[in-house]
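Structure record follows, encoded as structure tokens.
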Amino acid sequence: MLSDGMNHNNALAMRSAPVLMRNLLRMLLLGLSLLAPSAAFAVAGKVAAVNGQITVAHASGVAQAVKVGDAVDKGDTVSAGPNSWAVLSMQDGASLTLRPNAKLRIDDYVFDVDNPKNGRSWLTLTQGALRSITGAIGRMNKDSYKLVTPTATIGIRGTDYDVDVVTDNSQPGLEPGTYHTVNAGGTTLKTQQGDIDVAPKQTAWTSTKPAKPRRMTRQQTSVWSDIGKFDLSQKISSVWDGLHARSGDGYTLDPDKLGNDGPKVRRYMKAHPENPTRRRARAGGKEVSGGLRQTPAPEMSALDMAGRKAGQEADMSQKLQHGQWAPGGRYFKPANTDAKH
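Count the sequence shown with mature numbering (1 follows the signal peptide of the UniProt record, and there is no 0) and you get residues -42 to -1, 1 to 299, in order.
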């Protein structure tokens, strides 16, 4: 009888062995997944700030209102209602700011600090105004970044820029199309007919008709004044200040905000410094050390134009007066003038 009992127990143990092995294997795989790089499993970003009606439609088709701290991921479409805005903080240190009635789709978003070539920041803006301050993906592999609109594609060179997609004739002086300006860094605005490089303070636009991008007219640049005034009234810059480092009139990546990935990104940035190029002087401009001085023109950032229209400078200690503009947003009195302040 004892022998029969032992044989029975041995048989049960043998039958249980595969189950135990499978459970051990599952535990091992789980442990390895926890040790794997977080980028492979992290969501694309989260909501850093929100005001008004902001919704996210997930790839599954389910739409819901969002709050601060909610995740956004690949396949999500983020929409802002009237008089609403949101700032998305992305996993690579970038931020995306949606203004009223904007609609942005996250086509793909991958941050791999150890393999920058695997990074992807692919976005589609179908309507409304967006400010994009790029992060480590754009800094470590610029070819991995693109923003698509109904009429153009924007590529970057390490950048802080604004774009407004106008879909109807509701904005005076603006026909449907894509309107674009750069605050820091540089971009390339592309259509099937050609492309144009956009430097800080410069503007460009494309219509819905097939054509190469071209510079915006003085009347068209009023769009940046309206957007800048909205940003100032909502104090959105306080959110950007918490996410990024200052760069002239704009913002740039702050590796210290990337946690454990920060030191790796900083080492990469030190080993691959940006190479600022001297821009060609245009009529009325003069090449100087550190960049190009120009007389005031339509090519002003959204915040500058808003400050000028409101009778004050945005993010500067002095009021905007007559004079010349130098890169970085510093205004100074012309050397040859008798004008009194």
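We put the beta carbon where it would ideally sit given N, CA and C, even for glycine.
The structure displayed is predicted, hence computed values, not measured ones.
Query                                                                                                                                         : Result
Return the Cβ separation of D120 and W198 in integer angstroms, given the expectation that the two are a contact with Cβ distance under 8 Å.  : Not quite, the Cβ-Cβ distance comes to about 12 Å (not below 8 Å), so this is no contact.
Do you know whose CA, among Q22, Q11, G27, T35, lies nearest N41's CA?                                                                        : Q11
To the nearest angstrom, how far is it from the Cα of G208 to the Cα of T117?                                                                 : 9 Å
Just to confirm before moving on: does the CB-CB distance between S79 and Y67 stay below 8 Å?                                                 : yes
On the criterion of 16 or more Cβ atoms from any shown chain inside 10 Å, does N141 qualify as buried, or is it exposed?                      : buried
Check the C-beta distance from A2 over to I91 and give it rounded, since I have them as a contact under 8 Å.                                  : Going by Cβ atoms, the distance from A2 to I91 rounds to 15 Å, so no, they are not a contact pair.
Check the DSSP bridge columns for V223 and list the partner residues they point to.                                                           : V223 is not bridged to any residue.
So, helix, strand or coil for Q192, using DSSP?                                                                                               : helix
Between which residues of its own chain and S247 is the CB-CB distance below 7 Å, once the five residues before and five after are set aside? : In this predicted model, S247 has a pLDDT of only 31, less than 50, meaning its place in the structure is not dependable enough to derive any value.
Let's see if you can read the secondary structure: which residues bound the alpha helix (DSSP H) around A94?                                  : 94 to 98
What beta strand (DSSP E) runs, 3 residues minimum, are completely inside the region 58 to 111?                                               : 61 to 68, 78 to 91, 103 to 106
Tell me, please, which residues DSSP counts as bridged to T161.                                                                               : T139
If I'm right that H138 touches L147 with Cβ under 8 Å, what's the distance once you round it to whole angstroms?                              : 5 Å
Going by CA-CA distance only, name the one from G27, A38, V106, Q49 that's closest to K215.                                                   : Q49
So the candidates are Q177, N59, K25, G39; which of them puts its Cα closest to the Cα of S47?                                                : K25
Whole angstroms are fine: how far does the CA of T35 sit from the CA of L62?                                                                  : 6 Å
Under three-state DSSP, which class holds G51?                                                                                                : coil
Nearest by alpha-carbon distance to K32: which of T111, T82, D122, G186 is it?                                                                : T82
Measure the alpha-carbon distance for V223 versus G143 and round it to whole angstroms.                                                       : 18 Å
So, are the CB atoms of S165 and G186 less than 8 Å apart?                                                                                    : no
So, are the CB atoms of V5 and G27 less than 8 Å apart?                                                                                       : yes
Determine the DSSP secondary structure at K4, reduced to helix, strand or coil.                                                               : strand
Three-state secondary structure (DSSP) at A229?                                                                                               : helix
Apart from the five residues just before and just after K170, which ones in its own chain have a Cβ nearer than 6 Å to its Cβ?                : Q151, G152
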